[in-house]
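Report on the following structure.
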Amino acid sequence: MPPLDSRPVTTELGTAALPAAVLASIEACAAACRATLSQLEDERERLRAVLDRRIKPAPDGPTRRLCAVDGAHASVPTAGVGFVALAAAAVEEDTLTDQEVLVRMLPPVEELESILGGLRSLLELHLLARRIRATTSGLFVLDGSFYSVLLEINRLLMRLAQDHRGARPPAWWADFRPLIEQFFANEDWRLVLECRRVIAHSKAATAADDVLEYAPHLSGTITDRTLWTNVLNPGEYALPMPLIRRDRPHLLTGYRSPALGDFGAIRRAIEHGYGQFYAIYYRPDASGPAYRIELPAALIAREPLGAVLATFRNALRVNSIQEPLPQFLADAICRQLGHALAATAEGARTTLQGEFDLAVIQRFLGPHRTPRR
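Numbering (the UniProt record's numbering), first residue to last: 1 to 373.
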């Protein structure tokens, strides 16, 4: 949507200032959305004509069993350290088939979220690789984009390399190095990238390559997913485009490990795998949006693509949930992680109240911020 006016909406003081500012912003937000929707409506036929060569009726095919993998991470402060947890879950159809959980205590660490995000991505891919090895059929969907996974893991590896430049790396890495080393030694990432049964579905797709090329005046306002939701009719899809559209050598950087031998070979294999991925936009019905689906080259031919789209469409069972049911259930399971951590930290505080003065407990183990409800 067009950028909102950055000037203060209100200059009122006192306790009513924030509610007044929020209420005053509603009309501005509505006006911005109205302008974007009107512009999309006015330009739909022009954009559809421009994109006509990329629009095709979606092929149909047999449905397969769908297994979705998702993960989460959370942290709560306690006794001057971070109590953190990572989790990943695999749900096939409507049954939890596998899960992996890692819980650790960490000292204060800068950029903790980026470290946990990379470790969570490793855990998701590890669990997905485990499921792939356990079955020879079905379709697997990874929550998010393959490219966002790349960014998350790369940030983790760069921080790992940075912290290990000296002779005495931070001791807390010892809890996570085995996970990282095993992940690469088992070639979990490579297996996922080379498997012909894996797709990725990003609910918060932010790519805007098509907008920039075909509707540059809307750049910064909408994403490619919005563009294709506007252009596609129900039952249509946009022809596949490479996931990595520009030459990006050395996508995976910043990491060396004596334990892994030739990491360059691992990196080349992973980068080659990313070169074989494509993205499509698919609008299954009139009531929903277009979905961005990333899939390997082996699945973009008409027959395998028909099976992918039929399986994806069949798993959209609830109108109010804009994702396949297994993906929704895996996400719902992992979202309980934060509640579990908070309950555990509160249980520890309650246990220690019998051993220490209440004032001491509150001083060192208090939440130190407004509890989330």
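Glycine is no exception: its CB is placed at the ideal position from the N, C-alpha and C atoms.
At which residues does the alpha helix (DSSP H) containing residue i begin and terminate?
| i | result |
| --- | --- |
| His272 | 263-275 |
| Ala68 | Taken as a continuous stretch (DSSP letters only), Ala68 belongs to no alpha helix (DSSP H), being part of the beta strand (DSSP E) at 66-78. |
| Asp331 | 325-334 |
| Phe364 | 358-365 |
| Glu92 | Counting along the chain, Glu92 falls outside any alpha helix (DSSP H), though it belongs to the beta strand (DSSP E) covering 81-92. |
| Asp42 | 17-50 |
| Pro304 | 302-314 |
| Ile153 | 146-163 |
| Glu346 | 337-352 |
Go ahead and label residue i buried or exposed: buried means 16 or more other beta carbons lie within 10 angstroms of its beta carbon, across all protein chains shown.
| i | result |
| --- | --- |
| Gly354 | exposed |
| Gly80 | exposed |
| Ser202 | buried |
| Thr135 | exposed |
| Arg120 | buried |
| Ser15 | Just to set this straight, residue 15 is Thr in the shown sequence, not Ser. Counting Cβ neighbours within 10 Å, Thr15 comes out exposed, since fewer than 16 surround it. |
| Ile26 | exposed |
| Cys33 | exposed |
| Thr350 | exposed |
| Thr223 | buried |
| Gly166 | exposed |
| Ser145 | buried |
| Glu124 | buried |
| Leu160 | buried |
| His126 | buried |
| Ala298 | exposed |
| Pro178 | exposed |
| Phe184 | buried |
| Ala208 | buried |
| Ala17 | exposed |
| Pro107 | exposed |
| Pro8 | Residue confidence is low: Pro8 scores 49 on pLDDT, short of 50, so the model does not pin down where it sits. Its coordinate-derived value is still stated next. Exposed, by the Cβ-count rule. |
| Pro216 | exposed |
| Asp357 | exposed |
| Leu37 | exposed |
| Cys334 | buried |
Measure how close the beta-carbons of residue i and residue j come, nearest whole angstrom, since I'm counting them as under 8 Å.
| i | j | result |
| --- | --- | --- |
| Lys56 | Tyr237 | 6 Å |
| Pro234 | Tyr278 | With 8 Å as the limit, Pro234 and Tyr278 do not qualify as a contact, their Cβ atoms being about 22 Å apart. |
| Ala265 | Arg190 | Not quite, the Cβ-Cβ distance comes to about 10 Å (not below 8 Å), so this is no contact. |
| Gln99 | Ala85 | That pair is no contact at about 12 Å. |
| Gly138 | Cys195 | That belief does not hold up - the Cβ atoms of Gly138 and Cys195 are roughly 11 Å apart, past 8 Å. |
| Leu227 | Ser219 | The pair is not a contact, with the Cβ atoms about 10 Å apart (cut-off 8 Å). |
| Asp70 | Asp163 | So it is not a contact: roughly 28 Å between Cβ atoms. |
| Ile132 | Val192 | 7 Å |
Could you spell out the range, first to last residue, of the beta strand (DSSP E) harbouring residue i?
| i | result |
| --- | --- |
| Gly138 | Gly138 -> no beta strand (DSSP E), and no H or E assigned at all. |
| Glu294 | 291-296 |
| Leu102 | 95-106 |
| Ile55 | 55-57 |
For residue i, would you say it is in contact with chain B, using Cβ-to-Cβ distances shorter than 9 Å as the test?
| i | result |
| --- | --- |
| Arg245 | No chain B appears in this structure, which consists of one protein chain only. |
Less than 8 Å between the CB of residue i and some heavy atom of the ligand FAD, yes or no?
| i | result |
| --- | --- |
| Ala79 | Absence of the ligand FAD from the depicted structure is noted, as is the absence of any ligand whatsoever, leaving it without description. |
List in chain order: all unbroken alpha helix (DSSP H) runs of 4+ residues lying wholly within the stretch 165-245.
-> Counting only runs of 4 or more residues that sit fully inside the stretch 165-245, the alpha helix (DSSP H) segments are 177-185, 188-194, 209-214, 224-231, in chain order.
Given 8 Å, three or more beta-carbon pairs between the stretch 68-80 and the stretch 333-346 = Because the criterion of three Cβ pairs below 8 Å is met, the stretch 68-80 and the stretch 333-346 touch.
Meets three-Cβ-pair contact criterion under 8 Å: the stretch 93-113 and the stretch 320-333 = Proximity of the stretch 93-113 to the stretch 320-333 meets the contact definition, three or more beta-carbon pairs being nearer than 8 Å.
How do the stretch 291-301 and the stretch 189-206 stand: do at least 3 beta-carbon pairs fall below 8 Å, yes or no?
-> Look at the beta carbons and you see the stretch 291-301 touching the stretch 189-206: at least three pairs across the two are nearer than 8 Å.
Within the chosen definition, does the stretch 303-313 reach the stretch 62-70 through at least 3 CB pairs nearer than 8 Å?
-> Three or more beta-carbon pairs drawn from the stretch 303-313 and the stretch 62-70 are found closer than 8 Å, and the two stretches are therefore classed as touching.
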